[in-house]
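K.L.:
Before anything else, here's the structure in question.
Numbering (UniProt numbering), first residue to last: 1 to 313.
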């Protein structure tokens, strides 16, 4: 079964505490982002083998025979096994503000939390805020609404690799990107899915602002623990009620602050670097218990050496 699964991902083995991998790695920073965690726990794991999908999209449709493939994001139409995305360490989107790619979560979360603590709720702007590229046309409605209602929404498109002209940003010049920590200067932060689940999600929750999460089908491994109207404000994908939601938020300021703090507390308490490492360990331990055969070392795989890996934060 793992042999069949390996056609749709990258095969790994852990044998006697050492890691081995297919020589192919289409996205090196993504592989390194996962290996950062595997190398730290390999010595505590039984012999095992598994397949990791480094593509944006899940691979195991629920209309096809099940395969044990790990993916960072999925929807209700797929049976992939969720793992913490590579971008907790490396391989996230590379943009001018983060030229080497979004990663090093432990550093980033500390920076965001410092800013969040320094910006009082009362001093944050009472408008909806969004900055991001046009990876999902469902974002268009908010961008256009922002142009009509700038007193309610400040939403603009930034440039990405696919940008060719102002037509790609709905007729306006691309906006400057905004650091994650500078999102904390706004009370209401919009989160949209991109190609799949958005890496922005956990970062803006840390601000302690109220996250307006636009409903979509994509989830990451921790999403199911978040409760609408407790940790975030749900927004329909059609965005037909955005003005009403912003008005409601302005009229219920204490509630919005409370929701924002709950969302922040969840990420702060349950998505630390050690929590991600723990999740990886439990995931592989429980997965390995389901294997019904003895894993034998595949000599065609390459060894991943801990000595050549930088763990510094």
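Quick reminder that beta carbons are idealized off the backbone N, C-alpha and C, glycines included.
Roughly how many angstroms separate the alpha carbons of residue 260 and residue 177, rounded to a whole number?
P.N.:
Numbered from 1 along the chain shown, position 260 holds the residue referred to as residue 260. Numbered from 1 along the chain shown, position 177 holds the residue referred to as residue 177. In a straight line, the C-alpha of residue 260 is about 23 Å away from that of residue 177.
K.L.:
Would you mind listing the alpha helix (DSSP H) stretches within the segment 27-90 that are 4+ residues and don't spill past its ends, in chain order?
P.N.:
28-41
K.L.:
Let me check understanding here. Comparing Cα to Cα, which of 122, 23, 235, 251 lies closest to residue 141?
P.N.:
Along the chain shown, read from residue 1 onward, the residue named residue 141 stands at position 141. Of the candidates 122, 23, 235, 251, the one whose C-alpha sits nearest the C-alpha of residue 141 is 235.
K.L.:
Assess contact between the segment 89-100 and the segment 113-128, defined as three or more Cβ pairs (one per stretch) separated by less than 8 Å. Is contact present?
P.N.:
no
K.L.:
Within 10 Å of its beta-carbon, does residue 68 have 16 or more other beta-carbons around it, so buried, or fewer, so exposed?
P.N.:
Reading the chain shown from its first residue, position 68 is the one you call residue 68. The residue is buried, with at least 16 neighbouring Cβ atoms inside 10 Å.
K.L.:
CA-CA distance, residue 167 and residue 45?
P.N.:
On the chain shown, position 167 is the one that residue 167 refers to. On the chain shown, position 45 is the one that residue 45 refers to. Near 51 Å, if we compare the C-alpha coordinates of residue 45 and residue 167.
K.L.:
So, at 6 Å on beta carbons, what are the nonlocal neighbours of residue 71 in its own chain, with the 5 sequence-adjacent residues on each side left out?
P.N.:
Here residue 71 is taken as the residue at index 71 of the chain shown, counted from 1. Around residue 71: 53, 58, 80.
K.L.:
How would you write the range of the beta strand (DSSP E) that residue 340 sits in, first residue to last?
P.N.:
Because the chain is modelled from 1 through 313, residue 340 falls outside the range shown and cannot be assessed.
K.L.:
Would DSSP call residue 305 helix, strand or coil?
P.N.:
What you label residue 305 is simply residue 305 of the chain shown in a count that begins at 1. Residue state, collapsed to three classes: coil.
K.L.:
Please confirm if the segment 34-41 is in contact with the segment 280-294, defined as three or more CB-CB distances below 8 Å between the two stretches.
P.N.:
Short answer: they touch.
K.L.:
Check for me: the beta strand (DSSP E) holding residue 20 runs from which residue to which?
P.N.:
Counted from its first residue, the chain shown places residue 20 at position 20. Per DSSP, residue 20 belongs to the beta strand (DSSP E) from 18-21.
K.L.:
Measure from the alpha carbon of residue 100 to the alpha carbon of each residue in 37, 28, 133, then state which is nearest.
P.N.:
Within the chain shown, numbered from 1, the residue matching residue 100 stands at position 100. Of the candidates 37, 28, 133, the one whose C-alpha sits nearest the C-alpha of residue 100 is 28.
K.L.:
Is the beta carbon of residue 86 less than 7 Å from the beta carbon of residue 34?
P.N.:
Taking the first residue of the chain shown as 1, we reach residue 86 at position 86. Taking the first residue of the chain shown as 1, we reach residue 34 at position 34. The answer is yes: Cβ separation under 7 Å.
K.L.:
Which residues bound the alpha helix (DSSP H) around residue 287?
P.N.:
For the purposes of this step, residue 287 is taken as residue 287 along the chain shown, with counting starting at 1. Segment 273-289, the alpha helix (DSSP H) holding residue 287.
K.L.:
Decide if the segment 245-254 is in contact with the segment 6-20; the criterion is three or more beta carbon pairs, one per stretch, under 8 Å apart.
P.N.:
no
K.L.:
Would you report the Cα separation of residue 197 and residue 61, rounded to the nearest angstrom?
P.N.:
If you number the chain shown from 1, residue 197 lands on position 197. If you number the chain shown from 1, residue 61 lands on position 61. Between residue 197 and residue 61, the C-alpha separation is close to 17 Å.
K.L.:
May I have the straight-line CA-CA distance separating residue 17 from residue 152, to the nearest angstrom?
P.N.:
Counted from its first residue, the chain shown places residue 17 at position 17. Counted from its first residue, the chain shown places residue 152 at position 152. When rounded, the distance between both Cα atoms is 55 Å.
K.L.:
When the Cα atoms are used, what is the spatial distance from residue 214 to residue 224?
P.N.:
Counting from one through the chain shown, the residue named residue 214 turns up at place 214. Counting from one through the chain shown, the residue named residue 224 turns up at place 224. Near 15 Å, if we compare the C-alpha coordinates of residue 224 and residue 214.
K.L.:
In this structure, what does DSSP give as the bridge partners for residue 349?
P.N.:
Nothing can be reported for residue 349: it is not among the residues displayed for the chain, which extend from 1 to 313.
K.L.:
Residue 274: which of 109, 73, 56, 3 sits nearest, CA to CA?
P.N.:
As a first step, residue 274 must be located in the chain shown, where it is residue number 274. Residue 109 is the option with its Cα nearest to residue 274.
K.L.:
Let me know the secondary structure DSSP gives residue 199 once reduced to three states.
P.N.:
On the chain shown, position 199 is the one that residue 199 refers to. Coil, per DSSP.
K.L.:
Going by alpha carbons, who is nearest to residue 128 out of 24, 122, 149?
P.N.:
As a first step, residue 128 must be located in the chain shown, where it is residue number 128. Of the candidates 24, 122, 149, the one whose C-alpha sits nearest the C-alpha of residue 128 is 149.
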